[in-house]
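The structure appears right after this line, and notes come after that.
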Amino acid sequence: MPNKKKDYQIILASIQKPVIGEAGITGTWSKLKPVINSEKCIPSKSGKPGCFNCWLFCPEGVVSRTIPPKINIEYCKGCGICKEECPASAISMEEVEIE
Amino acid sequence: MNLVKVMDVQEEEYIYPGTRMCAGCAMALIYRFALKALGPKTILTVPASCLTVLHGMQGFCTTKVSVLHTPFATTGASASGIVASLEEKGLNNEICVVAFAGDGGTVDIGIQALSGAAERGTDFIYACYDNEAYMNTGVQRSGATPQGAHTTTTPGGKMKPKKNMLKIMEAHGIAYVATANGSYPIDIYEKFKKARTMIGTKYIHILSPCPPGWGYDPKETIKIGRLAVETGFWPLYEIINGKFNLSRESKKYLDPSKRKPIIDYLGAQKRFKGISDEDIEDYKTYINNLWDEIKKRIDH
Numbered sequence: 010m011p012n013k014k015k016d017y018q019i020i021l022a023s024i025q026k027p028v029i030g031e032a033g034i035t036g037t038w039s040k041l042k043p044v045i046n047s048e049k050c051i052p053s054k055s056g057k058p059g060c061f062n063c064w065l066f067c068p069e070g071v072v073s074r075t076i077p078p079k080i081n082i083e084y085c086k087g088c089g090i091c092k093e094e095c096p097a098s099a100i101s102m103e104e105v106e107i108e
Numbered sequence: 126m127n128l129v130k131v132m133d134v135q136e137e138e139y140i141y142p143g144t145r146m147c148a149g150c151a152m153a154l155i156y157r158f159a160l161k162a163l164g165p166k167t168i169l170t171v172p173a174s175c176l177t178v179l180h181g182m183q184g185f186c187t188t189k190v191s192v193l194h195t196p197f198a199t200t201g202a203s204a205s206g207i208v209a210s211l212e213e214k215g216l217n218n219e220i221c222v223v224a225f226a227g228d229g230g231t232v233d234i235g236i237q238a239l240s241g242a243a244e245r246g247t248d249f250i251y252a253c254y255d256n257e258a259y260m261n262t263g264v265q266r267s268g269a270t271p272q273g274a275h276t277t278t279t280p281g282g283k284m285k286p287k288k289n290m291l292k293i294m295e296a297h298g299i300a301y302v303a304t305a306n307g308s309y310p311i312d313i314y315e316k317f318k319k320a321r322t323m324i325g326t327k328y329i330h331i332l333s334p335c336p337p338g339w340g341y342d343p344k345e346t347i348k349i350g351r352l353a354v355e356t357g358f359w360p361l362y363e364i365i366n367g368k369f370n371l372s373r374e375s376k377k378y379l380d381p382s383k384r385k386p387i388i389d390y391l392g393a394q395k396r397f398k399g400i401s402d403e404d405i406e407d408y409k410t411y412i413n414n415l416w417d418e419i420k421k422r423i424d425h
């Protein structure tokens, strides 16, 4: 038996590969996507890190904690939580085409 | 206690985007913040639940941490096994073992293995995300389903109230028992951070609103979860070695006049459609008794 596997190799064989978009491009699940109005958005307006409710409450983790916050619409499922939780009403749901 | 602010929360995401979770799933949010608090040196053990679906199909995985999938009834036992092997290798101080299960896998099917692990004092965190039914298989009634809720197996509304899993776990005399809610991610983050530094069995029960199962629009997930706290139905607290501590989000609801009427919470969900007046009265009595007890424990 030249190719007899050692124990650790058998264990390693069960390790699965972490990937982005395991369920495909989940952005296609919904047509409506959040669009941030940077004139109303608190961190964009003040230039200071703060608020970030959209980042905090996004179940998918597709909003970045940057100034201004960016939304990865390729994987955004369009649930609309960020729109509801935005204290400045800076987010609106609009039809955005995914390339 | 220092207030944790948004900017203090770990920025790195441990879940890759593009999972199989429904839009607006509170469990995905809970899991996201739990992993942020736990960090990469964690081994998770997950029974059959919506969380298995999140991790994806054979060959792929969506998280940056190690996850072991176990049969339904063995979550606690598998965690004990992982802890024992880490102790053998001398890695138990470095790596944290976390069992993450749904309400069915905790309250009904997994309770014996969990009870055994808690009795042995296994050094691990058990997190139960409670969406109050078997959502993964199509909304069947579980022990955690609240009274009056419609599920596919209780079409006329559940007759019995929700099982008090927190009391059961507290009776084991474990190091840490806490409640949390998907609408308060920073509170979840703090509680997991705290649990990670403690030794012994830690149990965190997290209410997780489910848009298709509870019957509401996905955008209302956070609002519904918050209503559960604001009506007093789901108080946020922690019990550290027997010492009761009400979390700051729930403190103001000690005063009954501050609490919103329970009908606000029930009426926002389709699963409580046509709930009887007797059931609503039962809820009111339940909430009053719950808070009387909390008040007694704080004063004590």
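If you read the protein sequences in the order shown, they are chains A and B.
In this text, residue positions in the first sequence follow the working numbering: the first is 10, and each later residue adds one.
In this text, residue positions in the second sequence follow the working numbering: the first is 126, and each later residue adds one.
Positions of the beta carbon are idealized from the N, C-alpha and C atoms, including for glycine.
Between PRO78 of chain A and PRO52 of chain A a beta carbon distance of about 7 angstroms is seen, short of the 8 angstroms cut, so the two are scored as contacting. Nearest Cα to LYS86 of chain A within the set B:THR356, B:ILE313, B:GLY181 and B:PRO343: B:PRO343. Distance between THR346 of chain B and LEU391 of chain B, taken at the CA atoms: about 14 angstroms.
Pairing ILE311 of chain B with VAL129 of chain B gives a Cβ-Cβ distance under 7 angstroms.
Using a Cβ distance threshold of 7 angstroms, ASP255 of chain B and ASP233 of chain B do not count as a contacting pair.
Within the same chain, Cβ atoms closer than 6 angstroms to the Cβ of LYS395 of chain B are found at GLY340, the five residues on either side in sequence being excluded. Residue contact check for LYS26 of chain A against chain B: a CB pair falls below 7 angstroms. For the options B:ASN289, B:HIS180, B:PHE317 and B:ASP404, the alpha carbon positioned closest to that of VAL134 of chain B is the one of B:PHE317. Sixteen is the threshold: since fewer than 16 other Cβ atoms of the shown chains lie within 10 Å of the Cβ of ILE107 of chain A, the residue is exposed. Contact residues of the stretch 84-99 of chain A toward chain B are TYR84, LYS86, GLY87, CYS88, GLY89, ILE90, LYS92, GLU93 and GLU94 (C-beta to C-beta distance below 8 angstroms).
Chain A has no Cβ within less than 7 angstroms of the Cβ of ALA159 of chain B. Annotation: MET284 of chain B has no Cβ neighbours in chain A at a cutoff of 8 angstroms; minimum Cβ distance is about 32 angstroms. The contact set of GLY56 of chain A on chain B, defined by CB atoms closer than 8 angstroms, is empty, because the minimum CB distance reaches about 14 angstroms.
Annotation: SER101 of chain A has no Cβ neighbours in chain B at a cutoff of 8 angstroms; minimum Cβ distance is about 13 angstroms. Secondary structure remark: continuous alpha helix (DSSP H) runs of at least 4 residues inside the stretch 328-388 of chain B, in chain order: 336-339, 346-355 and 373-376.
Counting along the chain, CYS63 of chain A sits inside no beta strand (DSSP E); it lies in the alpha helix (DSSP H) bounded by residues 62-66. Put simply, the CB of TYR141 of chain B is near chain A, with a gap under 7 angstroms to one of its CB atoms. Sequence-ordered contacts of the stretch 306-331 of chain B with chain A read GLY307, SER308, PRO310 and ILE311 [C-beta pairs closer than 9 angstroms]. Rounded to whole angstroms, the Cβ separation of ALA269 of chain B and ALA238 of chain B is 17 angstroms, and the two are not in contact under 8 angstroms.
Within the same chain, VAL302 and ILE364 come within 7 angstroms of GLU295 of chain B by CB-CB distance, once the 5 residues on both sides are set aside.
DSSP links ALA224 of chain B through a beta bridge to B:THR170 and B:TYR251.
Listed along chain A is no residue with a C-beta nearer than 7 angstroms to that of ARG396 of chain B; the closest approach is about 19 angstroms. In the assembly as shown, THR322 of chain B is an exposed residue. Its beta-carbon has fewer than 16 other beta-carbons within 10 Å. Around the beta carbon of ALA209 of chain B, a 10 Å sphere encloses fewer than 16 other beta carbons of the protein chains shown; the residue is thus reported as exposed. With a beta-carbon spacing of about 7 angstroms, THR188 of chain B and LEU160 of chain B fall inside the 8 angstroms limit used to define contacts. The C-alpha of LYS166 of chain B is placed about 33 angstroms away from the C-alpha of GLY338 of chain B. Membership of ALA243 of chain B in the alpha helix (DSSP H) is indicated by the continuous run 236-245. The beta-carbon of ILE107 of chain A is placed no less than 7 angstroms from the nearest beta-carbon of chain B. Scanning the stretch 290-326 of chain B for uninterrupted beta strand (DSSP E) segments of 3 residues or longer gives 301-306, listed from N- to C-terminal end. Interface with chain A (7 angstroms Cβ-Cβ cutoff): PRO196 of chain B is excluded. Fewer than three pairs of CB atoms, one per stretch, sit closer than 8 angstroms, so the stretch 210-222 of chain B makes no contact with the stretch 281-296 of chain B. Proximity to MET260 of chain B across B:THR195, B:GLY325, B:VAL178 and B:SER203 peaks at B:VAL178, based on C-alpha coordinates.
Using a 10 angstroms sphere on the CB of SER55 of chain A, the tally of other CB atoms stays under 16, which defines it as exposed.
Chain order gives the chain B residues near ASN81 of chain A as PRO142, where near means a beta carbon separation below 7 angstroms. Apart from the 5 residues on each side of it in sequence, LEU163 of chain B sits with its Cβ closer than 7 angstroms to the Cβ of CYS221, VAL223, PHE317 and ARG321 in its chain, given in chain order.
ILE299 of chain B is positioned such that its CB atom lies no closer than 7 angstroms to that of ALA305 of chain B.
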